[in-house]
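One rule links them: number in our numbering = place in the sequence shown (from 1) + 1305.
Just so you know, even glycine gets a beta-carbon here, dropped at the ideal spot from N, CA and C.
First the structure, in the form of structure tokens, and then the observations on it.
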Amino acid sequence: MATTAGKRNLITDVAGVRVGQAQDARIDTGVTVILPDKPAVAACAVAGGGPGTRETDLLSAGTLVDRVDAIFLSGGSAFGLGAADGVMAGLKQAGRGFSLVDRPGVPPTPIVPGAILYDLANGGDKNWEGIAPYAALGLEAFNTAAQDFSLGRAGAGQGARAGQHPGGTGSASAVTAEGVTVGALACVNSFGSVLMPGTDAYWAWPYEMAGEFGGGRPPADFSMDPEDWGAAKANPVLGQNTTIACIVTDAALTPANARRVAQMALSGFSRAIRPVFAPFDGDAVFVLSTKGEASPAPDPLTVTRIGELAASTLARAIARGVHEARRQTGAVV
């Protein structure tokens, strides 16, 4: 039996995780929350030159905390980092968080790393008054967490742009013959293009499953100038940007395993976007294991398989998010 997409073809095909979204169409921005049912082993890898992140130092080797209560992805540039406050409020109300010692009257502290993308110049009325709207959007996204959620212009992908095309939220999953599931979610606001120059084929087309992003293929005689970036936001042949993502698996991983999977997953960006990891991109990926640590730890070959699946599934999620956004805006039928 070959590896296939999961039942929903969403990150939530991994048991024990839900996704919540909130968006404001007037501001043209939003927030996405990845919510495991219990604290999950986590890691993060950042490759873009202009990242905006919160609490990622906690995920470094040798730190006190190695599990998280949620991950948030948000529009709004640095304003969007406030989305974590709303997510933390929801988690505190639910009694979730980290405590060194349980003490009466001292609440646990929810651990909520996250990352932002820059959608301030992509349209919408960004002239809000007073406190930025992202904490409220974060709490709303937390409260709507479910197994089913929208793709395309939704959540943190609401106001995104992918090169010269509308960006959006994408997700995909893969299930191995042994029943291990890897899911990916991406909010695509890239400087680079996800489409091959002069075609309607996505760079990620070799990894597509069951026509999930339109089935477009490059012509047999396709060739291009190495400096032709196609429909990127700027093209040397003829900003401000980021793709932020999360991988979740039900494979048991140690924190060190998760960091290796996150590093391998970065190649999913380069399979789907060109150019990528530019000085003005904030590309970052989080990895969660809902099963927690295994004893003994998984062998290196198993970690390699999970990392490769993370990369290919992430590439599919990126293409799928842009394809859905293009379909919603009438760019494709």
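> Going along the chain, which unbroken runs of the alpha helix (DSSP H) with 4 or more residues stay wholly within the segment 1556-1632?
Replying inline: Within the segment 1556-1632, the complete alpha helix (DSSP H) runs of at least 4 residues are 1560-1577.
> What three-state label does DSSP hand V1392 in the structure shown?
Replying inline: helix
>> Here's the rule: buried if 16 or more other CB atoms are within 10 angstroms of the residue's CB, otherwise exposed. What is K1538?
In response: Buried, because 16 or more other Cβ atoms sit within 10 Å of the Cβ of K1538.
> How is the alpha helix (DSSP H) around L1340 delimited, first residue to last?
Replying inline: Not the alpha helix (DSSP H): L1340 falls in the beta strand (DSSP E), residues T1334 to P1341.
> How would you call T1334, buried or exposed, if buried means at least 16 neighbouring beta carbons within 10 angstroms?
Replying inline: buried
> Per DSSP, R1458 forms a beta bridge with which residues?
Replying inline: Note: R1458 sits in no beta bridge, so no partner.
> Excluding five sequence neighbours on each side, which residues of the same chain lie with their C-beta closer than 7 Å to the C-beta of A1602?
Replying inline: T1559 and N1562
> Is the number of C-beta pairs between the segment 1352-1360 and the segment 1577-1590 that are closer than 8 Å three or more?
Replying inline: yes
> Excluding the five sequence neighbours on either side, which residues of its own chain have a C-beta within less than 7 Å of the C-beta of G1544, listed in chain order?
Replying inline: Per-residue confidence for G1544 stands at a pLDDT of 49, beneath the threshold of 50, marking its modelled position as unreliable; no derived number is given.
>> Restricting to runs no shorter than 4 residues, where is the alpha helix (DSSP H) found entirely within the segment 1385-1442?
In response: 1388-1398
> Given a threshold of 16 other Cβ atoms within 10 Å of its Cβ, counted over all protein chains shown, does D1530 qualify as buried or as exposed?
Replying inline: exposed
>> Going by DSSP, what residue range makes up the beta strand (DSSP E) through D1530?
In response: Per DSSP, D1530 belongs to no beta strand (DSSP E) and is neither H nor E.
> Which first and last residues belong to the beta strand (DSSP E) in which S1478 is found?
Replying inline: Here the beta strand (DSSP E) through S1478 covers G1473 to V1480.
> Quick one: what does DSSP say F1496 is sitting in, helix, strand or coil?
Replying inline: In this structure, DSSP gives F1496 a state outside helix and strand, which the three-state scheme calls coil.
> Rounded to the nearest angstrom, how far is the Cβ of L1456 from that of G1473, given a contact under 8 Å?
Replying inline: 7 Å
> What residues in its chain sit with their C-beta under 7 Å from that of S1382, if we drop five residues either side in the sequence?
Replying inline: G1357, I1421, Y1423 and L1425
>> The beta strand (DSSP E) that contains T1548, what's its start and end?
In response: T1547 to T1554
> Which residues in the same chain have their Cβ closer than 7 Å to the Cβ of K1596, if we skip the five residues on either side of it in sequence?
Replying inline: D1555, A1556 and A1557
> When the Cα atoms are used, what is the spatial distance from G1419 to D1526?
Replying inline: 42 Å
> Which term fits Q1469, buried or exposed, when burial requires 16 or more other beta carbons within 10 angstroms of its beta carbon?
Replying inline: Burial state of Q1469 is exposed, judged by a 10 Å Cβ sphere holding fewer than 16 other Cβ atoms.
>> I'd like the list of long-range same chain contacts for F1447, defined as Cβ closer than 6 Å, with 5 residues on each side in sequence excluded.
In response: So the list reads G1325, V1338, V1392 and G1395, once near-sequence residues are dropped.
>> Please report the straight-line C-alpha distance between V1566 and G1503, rounded to a whole angstrom.
In response: Approximately 33 Å, taken between the alpha carbons.
> Taking the alpha-carbon positions, what's the E1445 to S1528 distance?
Replying inline: 46 Å
>> With a threshold of 8 Å on Cβ separation, who are the neighbours of A1320 within its own chain once the five nearest residues in sequence on each side are excluded?
In response: T1486, D1555 and T1595
> Measuring from the CB of F1527, is there a heavy atom of the ligand NAD at a distance below 6 Å?
Replying inline: The model depicted lacks the ligand NAD and carries no ligand whatsoever.
> If you drop the 5 nearest sequence neighbours on each side, which residues of the same chain put their C-beta closer than 6 Å to that of E1517?
Replying inline: R1625
> Rounded to the nearest angstrom, how far is the Cβ of C1492 from that of A1465, given a contact under 8 Å?
Replying inline: Confirmed, about 6 Å.
> How many Å lie between T1414 and G1367 at the Cα?
Replying inline: For T1414 and G1367, the gap between their C-alpha atoms comes out near 19 Å.
> For N1432, does the count of other Cβ atoms within 10 angstroms reach 16, so buried, or fall short, so exposed?
Replying inline: exposed
>> Just to confirm the assignment, what range does the beta strand (DSSP E) spanning R1331 have?
In response: No beta strand (DSSP E) contains R1331, which DSSP labels as neither H nor E.
> Contact check, I1549 vs L1378 under 8 Å by CB: the rounded distance?
Replying inline: 5 Å
> Where do the ends of the beta strand (DSSP E) carrying V1351 lie?
Replying inline: A1345 to V1351
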